[in-house]
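Student: My questions all concern the structure below.
Protein chains in written order, with the UniProt record's numbering: chain Z, 1 to 152; chain X, 1 to 152.
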């Protein structure tokens, strides 16, 4: 099947590269914000985005290899591996992005910490925004692979 | 197909009743905790669990009707409606549960608010735990309906 974004296609490779780069950008912005380690949720965001970088980078390499050697990645065992990995990574990423977003909303609206210049709220928000984009791209990939598994 | 938990089956009805009751219990525990309205994340948890109660209760009624009149709910249009509703509700529930969990972890580990007897941290934790159970049951339902849609 030639579904958009399926493994071993150019669209699939672009999705993986997008996930990997947005997750890496999210880590970069978060690490550059001083004092992020005071909140457990932000440390968890970095860990979860790190996992997503590893997973997406690995699959991007696999897609690239399949594109260059014109091999077909769509056998049931490989696709079920992709499905399990994609779902676990997607749920962890969404959980990390949402818990960090909850903490940032608490900082800015409920506790009023963001009025102080010592807390880099805008960096936190940018990092969480990048994490949500990365999660959204991963969610597309995981729905496509789940659909492929059901249709194989 | 007679998949576990598919709409119009007894297992599907039990899943919906479970989602509905755990979400209602989560709202109940959160409302009984004094001071929950000081955090935006907890208010969002209540709103999202309220949506889940409505959605799961509606589908439980539909399942019950299908069981009693022995009708088949598995035509493509109905199943795609269920898929869209289930996914939207499941993502909102997970987001609400995770953002509340992030705030609770911040309260208990990073800010040390839970040492004060005025903040009912154990009620917050119980409510979030119930919300996660409710989300887990909804995730089973939504994967089953997505699988049915792909196989219809």
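All C-beta atoms, glycine included, are put in the ideal place defined by N, C-alpha and C. Just so you know, these numbers come straight off a predicted model, no measurement behind them.
Around the C-beta of residue 54 (chain Z), are 16 or more other C-beta atoms found within 10 angstroms, so that it is buried, or is it exposed?
Tutor: Taking the first residue of the first chain as 1, we reach residue 54 (chain Z) at position 54. Answer is exposed; the Cβ neighbour count stays below 16.
Student: Just verifying my parser: in three-state terms, what is the DSSP assignment at residue 71 (chain X)?
Tutor: As a first step, residue 71 (chain X) must be located in the second chain, where it is residue number 71. Coil.
Student: Pop quiz: residue 37 (chain Z) and residue 134 (chain Z) are said to be a contact at Cβ under 8 Å. What is the actual Cβ separation, rounded to whole angstroms?
Tutor: Residue 37 (chain Z) sits at position 37 when you count from the first residue of the first chain. Residue 134 (chain Z) sits at position 134 when you count from the first residue of the first chain. That pair is no contact at about 21 Å.
Student: Give the C-beta separation of residue 146 (chain Z) and residue 146 (chain X) to the nearest angstrom, bearing in mind that I take them to be a contact with Cβ-Cβ under 8 Å.
Tutor: Here residue 146 (chain Z) refers to the residue found at position 146 when the first chain is read from its first residue. Here residue 146 (chain X) refers to the residue found at position 146 when the second chain is read from its first residue. The pair is a contact, with the Cβ atoms about 6 Å apart (cut-off 8 Å).
Student: Starting from residue 140 (chain X), trace the alpha helix (DSSP H) both ways and give me its first and last residue.
Tutor: Taking the second chain and counting its residues from 1, the one referred to as residue 140 (chain X) is at position 140. Its alpha helix (DSSP H) spans residues 121 to 151.
Student: Cutting at 6 Å between CB atoms, please list the residues of its own chain near residue 46 (chain Z), excluding the five before and the five after it.
Tutor: If you number the first chain from 1, residue 46 (chain Z) lands on position 46. Excluding sequence neighbours, residue 46 (chain Z) sits near 27 and 30.
Student: Are any of the Cβ atoms in chain X nearer than 8 Å to that of residue 98 (chain Z)?
Tutor: Sequence index remark: in the first chain, residue 98 (chain Z) carries index 98 (1-based). Yes, residue 98 (chain Z) counts as interfacial toward chain X.
Student: With a threshold of 16 other CB atoms inside 10 Å of the CB of residue 56 (chain Z), please say whether the residue is buried or exposed.
Tutor: Counting from one through the first chain, the residue named residue 56 (chain Z) turns up at place 56. Per the 10 Å Cβ criterion, buried.
Student: Run down chain Z in chain order and give the residues with a C-beta less than 9 Å from the C-beta of residue 144 (chain X).
Tutor: Here residue 144 (chain X) refers to the residue found at position 144 when the second chain is read from its first residue. By Cβ distance, chain Z contributes nothing, its closest Cβ being about 11 Å from residue 144 (chain X), past 9 Å.
Student: Out of Z:118, Z:119, Z:108 and Z:93, point me to the one whose CA is closest to residue 138 (chain Z)'s CA.
Tutor: Translated into the one-based positions of the first chain, residue 138 (chain Z) becomes position 138. For residue 138 (chain Z), the nearest C-alpha among the options comes from Z:93.
Student: Run through chain Z and tell me which residues come within less than 7 Å of residue 131 (chain X), C-beta to C-beta.
Tutor: Working through the second chain from its first residue, we reach residue 131 (chain X) at position 131. Near residue 131 (chain X) there are no residues of chain Z at all, since even the closest Cβ is about 12 Å away, more than 7 Å.
Student: From which residue to which residue does the alpha helix (DSSP H) around residue 99 (chain Z) run?
Tutor: What you label residue 99 (chain Z) is simply residue 99 of the first chain in a count that begins at 1. Segment 76 to 105, the alpha helix (DSSP H) holding residue 99 (chain Z).
Student: Measure the alpha-carbon distance for residue 97 (chain X) versus residue 121 (chain Z) and round it to whole angstroms.
Tutor: Walking along the second chain from the start, residue 97 (chain X) turns up at place 97. Walking along the first chain from the start, residue 121 (chain Z) turns up at place 121. Approximately 22 Å between the Cα atoms of the pair.
Student: Measure the C-alpha to C-alpha separation of residue 18 (chain X) and residue 119 (chain Z) and round it to an integer number of angstroms.
Tutor: Taking the second chain and counting its residues from 1, the one referred to as residue 18 (chain X) is at position 18. Taking the first chain and counting its residues from 1, the one referred to as residue 119 (chain Z) is at position 119. Distance between the alpha carbons of residue 18 (chain X) and residue 119 (chain Z): 42 Å.
Student: Output, in chain order, the set of chain X residues within a Cβ distance shorter than 7 Å of residue 105 (chain Z).
Tutor: Locating residue 105 (chain Z) in the first chain gives position 105, where the first residue counts as 1. Residues of chain X passing the Cβ test: 40 and 41.
Student: How would you call residue 35 (chain Z), buried or exposed, if buried means at least 16 neighbouring beta carbons within 10 angstroms?
Tutor: By one-based count along the first chain, residue 35 (chain Z) stands at place 35. Label assigned to residue 35 (chain Z): exposed.
Student: If we count the other Cβ atoms within 10 Å of its Cβ and call it buried at 16 or more, is residue 112 (chain X) buried or exposed?
Tutor: Locating residue 112 (chain X) in the second chain gives position 112, where the first residue counts as 1. Result: exposed.
Student: Mapping DSSP to helix, strand and coil, what is residue 33 (chain Z)?
Tutor: As a working note, residue 33 (chain Z) is residue 33 in the first chain. In the structure shown, residue 33 (chain Z) sits in coil (DSSP, three-state: anything other than H, G, I, E or B).
Student: Does the separation of the CB atoms of residue 6 (chain X) and residue 74 (chain X) fall below 8 Å?
Tutor: Position 6 of the second chain holds residue 6 (chain X). Position 74 of the second chain holds residue 74 (chain X). Yes, they are a contact pair.
Student: Around the Cβ of residue 127 (chain Z), are there at least 16 other Cβ atoms within 10 angstroms (buried) or fewer (exposed)?
Tutor: For this step, residue 127 (chain Z) is matched to residue 127 along the first chain. Answer is buried; the Cβ neighbour count reaches 16.
Student: Take residue 20 (chain Z) and list the residues in its own chain whose beta-carbon comes closer than 7 Å to its own, dropping the five residues that flank it on each side.
Tutor: Working through the first chain from its first residue, we reach residue 20 (chain Z) at position 20. Here the set comprises 53, 56, 57 and 60.
Student: When the cut-off is 8 Å and only beta carbons count, does residue 151 (chain Z) lie next to chain X?
Tutor: The residue you call residue 151 (chain Z) lines up with position 151 of the first chain. Yes - at least one Cβ of chain X is within 8 Å of the one on residue 151 (chain Z).
Student: How would you label residue 77 (chain X), buried or exposed, when you count the other beta carbons within 10 angstroms and need 16 or more for buried?
Tutor: Along the second chain, read from residue 1 onward, the residue named residue 77 (chain X) stands at position 77. It counts as exposed.
Student: Just to confirm, is the Cβ distance from residue 140 (chain X) to residue 14 (chain X) under 8 Å?
Tutor: Counting from 1 along the second chain, the entry for residue 140 (chain X) is found at position 140. Counting from 1 along the second chain, the entry for residue 14 (chain X) is found at position 14. Not in contact: residue 140 (chain X) and residue 14 (chain X) (Cβ atoms no closer than 8 Å).
Student: Please classify residue 70 (chain X) as buried or exposed, where buried requires at least 16 other C-beta atoms within 10 Å of its C-beta.
Tutor: As a first step, residue 70 (chain X) must be located in the second chain, where it is residue number 70. The residue in question, residue 70 (chain X), is exposed, as its Cβ has fewer than 16 Cβ neighbours within 10 Å.
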